[in-house]
Structures are given as structure tokens and as C-alpha cells.
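**Student:**
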Amino acid sequence: MNDVRPLAVVTGASAGIGKVFCERLAARRHDLLLVARDGNRLQALKQELEQRYGVGVEVFPADLTVDTDVSLLAETLTRSPNLAVLVNNAGFGTRDALADASPARQEAMLQLHAMAPMRLTQAALPVLLKNKRGAIVNVSSVASFVFSPNNVNYCATKAYLRVFSEGLAAELAGTGVRVQALCPGFTRSEFHRRMGVDASDIPGWMWMSAASVVGASLAALERGWPVVCVPGLRYKLIVLLLRVTPRWLIGRVTGRRIRSM
Ligand SMILES: NC(=O)c1ccc[n+]([C@@H]2O[C@H](COP(=O)([O-])OP(=O)(O)OC[C@H]3O[C@@H](n4cnc5c(N)ncnc54)[C@H](OP(=O)(O)O)[C@@H]3O)[C@@H](O)[C@H]2O)c1
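Numbering (the numbering used here), first residue to last: 78 to 338.
#1: With H, G and I counted as helix, E and B as strand and the rest as coil, what does DSSP make of residue 273?
#2: Near residue 114, what residues of its chain come up, given a Cβ to Cβ distance below 6 angstroms and the 5 sequence neighbours on each side ignored?
#3: So what does DSSP say about residue 217, is it helix, strand or coil?
#4: With burial defined as no fewer than 16 other Cβ atoms inside 10 Å of the residue's Cβ, what is the status of residue 258: buried or exposed?
#5: Would you say the beta carbon of residue 266 is closer than 8 angstroms to some non-hydrogen atom of ligand 3?
#6: Just to check, is the beta-carbon of residue 219 closer than 8 angstroms to a non-hydrogen atom of ligand 1?
#7: List, from N- to C-terminal side, the alpha helix (DSSP H) runs of 4 residues or more that fit wholly inside the stretch 291–319.
#8: Between residue 142 and ligand 1, is there a pair consisting of the residue's CB and a ligand heavy atom that are separated by less than 8 angstroms?
#9: For the beta strand (DSSP E) that residue 88 lies in, which residues bound it at each end?
#10: Below 9 angstroms between beta carbons: does that hold for residue 162 and residue 84?
#11: In whole angstroms, give me the CA-to-CA distance for residue 156 and residue 330.
#12: Starting from residue 111, trace the beta strand (DSSP E) both ways and give me its first and last residue.
#13: Would you say the stretch 198–208 touches the stretch 89–106, given that touching needs at least three Cβ pairs under 8 angstroms?
#14: Using a Cβ-based criterion (distance less than 8 angstroms to any ligand heavy atom), does residue 170 qualify as near ligand 1?
#15: Check whether the Cβ of residue 189 lies closer than 8 angstroms to any heavy atom of ligand 1, and answer yes or no.
#16: Can you tell me whether residue 232 sits near ligand 1, meaning its C-beta is under 8 angstroms from at least one heavy atom of the ligand?
#17: Is the stretch 259–273 in contact with the stretch 210–230, if contact means three or more CB pairs nearer than 8 angstroms?
#18: Could you check if residue 273 is buried or exposed, using at least 16 other CB atoms within 10 Å of its CB as the buried criterion?
#19: What would DSSP say about residue 281, mapped onto helix, strand or coil?
#20: For ligand 1, is there a heavy atom less than 8 angstroms away from the beta-carbon of residue 261?
#21: What ranges does the alpha helix (DSSP H) occupy inside the stretch 210–268, keeping only unbroken runs of at least 4 residues that lie completely in it?
#22: Is any heavy atom of ligand 1 found at a distance shorter than 8 angstroms from the C-beta of residue 91?
#23: Given a cut-off of 9 angstroms, decide if residue 231 and residue 171 are closer than it, judged by their beta-carbon atoms.
#24: Is residue 95 near ligand 1, in the sense that its beta carbon is under 8 angstroms from a heavy atom of that ligand?
#25: Would the beta-carbon of residue 113 be found less than 8 angstroms away from any heavy atom of ligand 1?
#26: Roughly how many angstroms separate the alpha carbons of residue 79 and residue 147, rounded to a whole number?
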């Protein structure tokens, strides 16, 4: 790998929002470390990015719900002096009541959405602080502003990621290292199919492309604000509205939405 170019590490690189982050960062002359479970898809993306952008790309097949995989990746970050961008993006959704849900799957969600990003962020920070530059993007969600029956851990883990990012951004003020909580609304990707929900009745205006979500994230990083990046005017307005909506009403609305999917 060329050690002059900055290195971007993207988790959940094999599909959706993560894949678009890889393409955009390669176009901005970053070398890349691609992380996800599906090694074949990562290899295909590596070839595509190397051919198209002429940057150095390595693959790191890993299941970030597994402690040893997170440890190996954290060590790799610590040993990468050109590390400049970490995108904690890997994630998944579920739609079960907690009493019925697979305990292993719920635990995996907490590992993937909270513990892995926290550990990877901590591993990345010494390098970024030494270089006095760089960025950490934690992919949270508009769901971090609400709570929902049948989705309790998704909203709670995404709220963890957002509040974690806001606190860390304040802690790092003046260091040259930026932190962002990226909070997309409905985004076209493999997310809903993997979750096993029929998302066809979600109105067209509520959908965003992964390209516009990533574009908004990178533009906010370049500007240096806001820390909490909500792509799309419609979702900015929804989040504003949520701040003044009574909490009991939020539960009623999100519960009805999830049950109808
Ligand atoms: N799509 C939306 O509407 C939406 C809205 C708000 C927030 N988000 C968030 O955006 C992020 C990206 O989601 P997406 O929409 O791009 O979904 P996606 O298309 O399903 O992609 C998810 C990515 O995460 C990886 N991944 C899943 N489990 C993993 C694990 N245990 N270890 C390592 N990698 C894993 C997947 O790759 P492998 O299967 O190869 O591991 C894949 O690359 C997620 O954090 C999601 O919560 C999505």
C-alpha cells in the first residue's frame, strides 16, 4: 500500500452506504481498507476501485460482532501511520419484540453498533491525534432521535452512537480531528431486504440514495460542521419536529409504522 496517500478504513464496505463511502474516498485519493464479512464482495470491490482510481486497496474480512475480529482490526488501525478516516458503518436492523427476539442477534446488534465502533475509535485516536488531522464518521440514524416498539435496540444503539460522537467531538475540539454522527433516514441499500421487511409502502419522497447520504456526510466533514449530520431537507425538518413532539406520541407513531411493515 502506498504510504503517502491517506488511509480510509470503512466497515460495512461490501454494500449500500459503506460501498459508496469507499468509492467517494477512493475518488478523493485515499487508500482503503475494506471491512465486512463477505470476502468475495470485498475482493471484487478492491479490483474495481484499484482499476478505476489507481489507489491502494486492501481487504479485511471480519465479523465485527466477534471480539477477536474487532481486536485484530483495532491492532491494524493502531499500526497504520497514514490512517486519516474511519467510517464505522456496518449495521443491521431487526423487527421483533424483545421477548420473542433471538438473544444472540440482539447481543450481536449491541456489539456491532456500539462496542465495535467504540473500540475502533479508541484504537484510531492515537494515530489521528499524532497526525493532528483526520475524521471519524459513525453511521447512526434518524432512528436515534426516536424509540420504537419492536425495534428497541436499533433505536437505542443508534442513539448511543450519536451521543458518543457528540461527546467525542467536543472532547477533540481544537485537535484537528473531526467526528461526525451521520443520521440518515430511509436509504436505498440492502438494509431492508436483509431485515426481512417489505418496504414497498414507504412513500417515494422518504427515500434517499446512498450517494446523496454520503455526499452530505463528506460535505459536512469538509465544512467542519455540523457534528450531527442529517442528510436531506425533509429529514432535517422531521428531526426538528421530533424535538418538540411529545415522547408518548413518538411511540404510538413508530409502533404503528413497524407493525405495518
Ligand atoms: N438503509 C437505511 O435506510 C439506513 C437508515 C439509517 C441508518 N442506516 C445505517 O447505515 C449503515 C449501513 O447500512 P446500509 O443501509 O448500507 O445497509 P446494507 O446495504 O445492508 O449494508 C450493511 C453493511 O454492513 C455489513 N455488515 C453487516 N453485519 C456485519 C458484521 N457482523 N460484521 C461486519 N460487517 C457487517 C454488511 O456486509 P457483510 O454482510 O458482507 O458483512 C454490509 O456491507 C448501518 O449502520 C445502518 O444501520 C441505514
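C-beta atoms are modelled at their ideal positions from N, C-alpha and C, and glycine is treated no differently. Because the structure is a prediction, the values reported are computed rather than measured.
**Tutor:** So, from the listed chains and residues:
#1: coil
#2: 140
#3: coil
#4: buried
#5: Absence of ligand 3 from the depicted structure is noted, with ligand 1 being the only ligands included.
#6: yes
#7: none
#8: yes
#9: 84–88
#10: yes
#11: 47 angstroms
#12: 108–113
#13: no
#14: yes
#15: yes
#16: no
#17: yes
#18: exposed
#19: helix
#20: yes
#21: 229–248
#22: yes
#23: yes
#24: yes
#25: yes
#26: Any reading at residue 79 needs caution, since the residue's pLDDT is 45, under 50, leaving its predicted position unreliable; the model's value is listed next. Each residue's Cα considered, the two are about 24 angstroms apart.
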